[in-house]
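What follows is one structure encoded as structure tokens, with my remarks underneath.
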């Protein structure tokens with residue numbers, strides 16, 4: 084009862100809230116949560132019941148801003164809240180000292196924000212003990228006794244251990260400065276200076292890249308964008324010049340005066356994507372990734388704010404980055420491939436085309452058409468078999484994941500199936516009931532009606548966040564093909580395209596043949 088009494092005495096909660104909070108704490112006794120969790124959820128319920136609050140998380144500005152914005156009296160109850168949390172052993176002293184310098188106003192939004200940060204800090208420090216840090220250092224050093232599968236520079240290993248025991252490391256992101264294959268970059272240093280960032284990144288990639296290529300220059304071209312996804316209004320093309328060839332990669336984004344740091348993070352992520360593609364072209368056995376501590380609040384951990392470690396990953400040391408463990412360490416990694424994929428080689432392309440012909444997948448194309456297509460097929464790069472099959476018209480049905488107002492995506496999908504099914508399935512009288520106008524917030528249901536081989540069908544689909552509803556695909560596979568045409572399959576293929584899904588219609592014999600020839604790269608989710 085002490086916690087509730089203290090909060091009531093400090094005018095942080097009223098009598099009704101005190102009774103409700105005590106009931107919640109009594110229910111929690113013996114449960115999986117902690118009193119801090121119960122208190123956080125209690126104030127969350129007070130905040131989110133008012134839609135006008137503008138969000139769940141409070142923004143903590145630098146200390147000097149709050150000193151000018153709030154008087155001593157305004158911040159008194161906030162400081163009392165921290166004292167109560169500490170005196171009732173809900174937070175440790177290190178968490179208390181982290182939150183104490185910020186004199187937030189005394190209102191429920193500030194309380195909620197403080198409890199959120201207290202919960203996050205408690206979770207972080209739970210896994211940032213000296214013992215946990217020493218364990219992570221050993222993990223970074225690798226399993227091999229000589230460190231061949233690790234990332235720690237052997238000249239810095241002893242210093243790392245000394246710094247851990249002396250409490251000099253602030254976050255797990257600090258560990259990577261002791262690595263021989265990582266370099267730091269702080270994006271805040273390049274706000275409104277993307278060209279300077281590109282030059283810096285070119286230098287980092289050249290330092291970390293070995294036995295492959297050197298980057299002479301990285302350029303970026305920006306244009307207005309009016310396409311899919313509709314929430315983006317800018318398009319950027321990154322160009323990496325290696326002297327022998329210029330590689331390029333295009334992506335879209337939305338621009339705003341308050342999104343400069345986000346824009347720079349997109350440049351970094353997409354440059355990593357492009358550089359990894361070039362490494363794949365050169366059949367290198369390593370890839371690049373970025374590591375950050377974006378979950379840690381920038382004001383509480385300023386050294387980690389918008390700071391990234393760019394690391395070279397070998398197949399031998401990728402075991403270090405097991406996802407669940409990285410999350411507990413408040414680390415985020417990007418662009419770590421589960422396996423090392425290379426673009427299809429010329430022999431692989433030749434092999435695939437031979438067996439596409441052998442099993443009849445390309446029988447609908449004439450010899451002249453095939454000669455024309457294969458004549459230019461080696462001028463492109465293909466990440467997967469699905470990307471190669473797209474080059475042959477009438478072979479793949481493509482589904483665009485993002486839907487724009489005015490489009491008829493379900494009509495287009497069923498008509499595409501007509502082309503690749505070649506008479507086995509015949510979709511007619513198609514009515515795509517998707518609303519003509521909608522936006523990102525639209526939540527709606529509608530019907531798609533059609534006749535397939537003289538049978539009437541109706542599928543209820545949902546419009547949510549402008550995404551194509553795969554319920555129509557699931558229905559065609561389970562209710563039509565598997566029930567009435569068990570000798571055929573609609574197969575979703577792996578591809579390198581992020582915003583599109585590829586589907587192949589094949590007989591059971593063709594599917595078995597592709598599987599036998601190691602050419603069936605599919606996603607079995609239906």
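Numbering (this note's numbering), first residue to last: 84 to 609.
Note that the Cβ used here is the ideal one computed from N, Cα and C, for glycine as well.
**OP:** Assign residue 589 to buried or exposed, taking buried as 16 or more other Cβ atoms, counted over all protein chains shown, within 10 Å of its Cβ.
**Re:** buried
Original post:
With 16 as the cutoff for other CB atoms within 10 Å, does residue 374 come out buried or exposed?
Top reply: buried
**OP:** Whole angstroms is fine: what's the gap from residue 231's alpha carbon to residue 225's?
**Re:** Going from the Cα of residue 231 to the Cα of residue 225 covers about 7 angstroms.
Original post:
What is the C-beta distance between residue 533 and residue 517, in whole angstroms, given that I count them as a contact (C-beta under 8 angstroms)?
Top reply: That belief does not hold up - the Cβ atoms of residue 533 and residue 517 are roughly 14 angstroms apart, past 8 angstroms.
Original post:
So, using beta-carbon positions, are residue 474 and residue 456 closer together than 8 angstroms?
Top reply: yes
**OP:** Evaluate residue 386 with the Cβ neighbour count: other Cβ atoms within 10 Å of its Cβ, from every protein chain shown; 16 or more gives buried, anything less gives exposed.
**Re:** exposed
**OP:** Return the chain-ordered list of same chain residues with a C-beta closer than 6 angstroms to the C-beta of residue 286, the five sequence neighbours on each side being excluded.
**Re:** none
Original post:
Measuring CB to CB, does residue 442 end up less than 8 angstroms from residue 596?
Top reply: yes
**OP:** Please name the residue in 328, 275, 398 whose C-alpha comes closest to that of residue 338.
**Re:** Taking each of 328, 275, 398 in turn and checking the Cα distance to residue 338, the smallest one comes out for 275.
**OP:** Using DSSP bridges, identify the partner residues of residue 457.
**Re:** The partner list for residue 457 (beta bridge, DSSP) is empty, contrary to what the question assumes.
Subject >> Neighbourhood of residue 568 by C-beta distance below 8 angstroms, restricted to the same chain and skipping five residues each side >> reply: 507, 508
Subject >> Test item: CB-CB of residue 551 and residue 498 under 8 angstroms >> reply: no
Original post:
Are the beta-carbon atoms belonging to residue 355 and residue 372 less than 8 angstroms from one another?
Top reply: yes
**OP:** Please state if the CB of residue 435 and the CB of residue 471 are separated by a distance shorter than 8 angstroms.
**Re:** yes
Subject >> Cut-off 8 angstroms between Cβ atoms - residues of its own chain near residue 138, not counting five sequence neighbours on either side >> reply: Any reading at residue 138 needs caution, since the residue's pLDDT is 40, under 50, leaving its predicted position unreliable; the model's value is listed next. The beta carbon of residue 138 is closer than 8 angstroms to none in its chain, skipping five residues each way along the sequence.
Subject >> Candidates 214, 575, 548, 451, of which the one nearest residue 557 by Cα >> reply: Nearest of 214, 575, 548, 451 to residue 557, Cα basis: 575.
**OP:** Using a threshold of 8 angstroms, state whether the C-beta atoms of residue 525 and residue 494 are closer than that.
**Re:** Contact: no.
Original post:
According to DSSP, what are the bridge partners of residue 300?
Top reply: 324
Subject >> residue 561 versus residue 194: straight-line alpha-carbon distance, rounded >> reply: Looking at the two C-alpha atoms, the distance is approximately 51 angstroms.
Subject >> 6 angstroms CB neighbourhood of residue 103 in its chain, flanking five on each side removed >> reply: none
Original post:
If you count every other CB in all the chains shown that lies within 10 Å of the CB of residue 380, and 16 or more means buried, which is it?
Top reply: Answer is buried; the Cβ neighbour count reaches 16.
Original post:
What three-state label does DSSP hand residue 512 in the structure shown?
Top reply: strand
Subject >> N- and C-terminal bounds of the alpha helix (DSSP H) containing residue 247 >> reply: Segment 240–248, the alpha helix (DSSP H) holding residue 247.
Original post:
Alpha carbon to alpha carbon, how far is residue 136 from residue 122?
Top reply: Model confidence at residue 136 stands at a pLDDT of 40, short of 50, so the residue's coordinates are unreliable and nothing is read from them.
Subject >> Counted within 10 angstroms of its Cβ, other Cβ atoms place residue 216 as buried (16 or more) or exposed >> reply: Only buried fits residue 216, as 16 or more other CB atoms lie within 10 angstroms of its CB.
Original post:
In or out: residue 327 buried (at least 16 other Cβ within 10 Å) or exposed?
Top reply: exposed
Subject >> Limits of the alpha helix (DSSP H) - the one that residue 75 falls within >> reply: The shown model of the chain, from 84 to 609, leaves out residue 75, and the question about it has no answer.
Original post:
Start and end of the beta strand (DSSP E) containing residue 268?
Top reply: 265–269
Original post:
Can residue 482 and residue 549 be called in contact, C-beta distance under 8 angstroms?
Top reply: no
Original post:
Out of 261, 247, 170, which has the shortest C-alpha to C-alpha gap to residue 235?
Top reply: 261
Original post:
Opposite residue 305 in the DSSP bridges: which residues?
Top reply: 319
Subject >> Where residue 117 falls, given that 16 or more other Cβ within 10 Å makes a residue buried >> reply: exposed
Subject >> residue 247 to residue 255 span [Cα, whole Å] >> reply: 11 angstroms
Original post:
residue 477 and residue 519: beta carbons closer than 8 angstroms?
Top reply: no
Original post:
Can you tell which of 527, 463, 511, 479 has the C-alpha that lies nearest to the C-alpha of residue 572?
Top reply: Nearest of 527, 463, 511, 479 to residue 572, Cα basis: 479.
**OP:** Tell me where the alpha helix (DSSP H) around residue 219 begins and ends.
**Re:** 213–224
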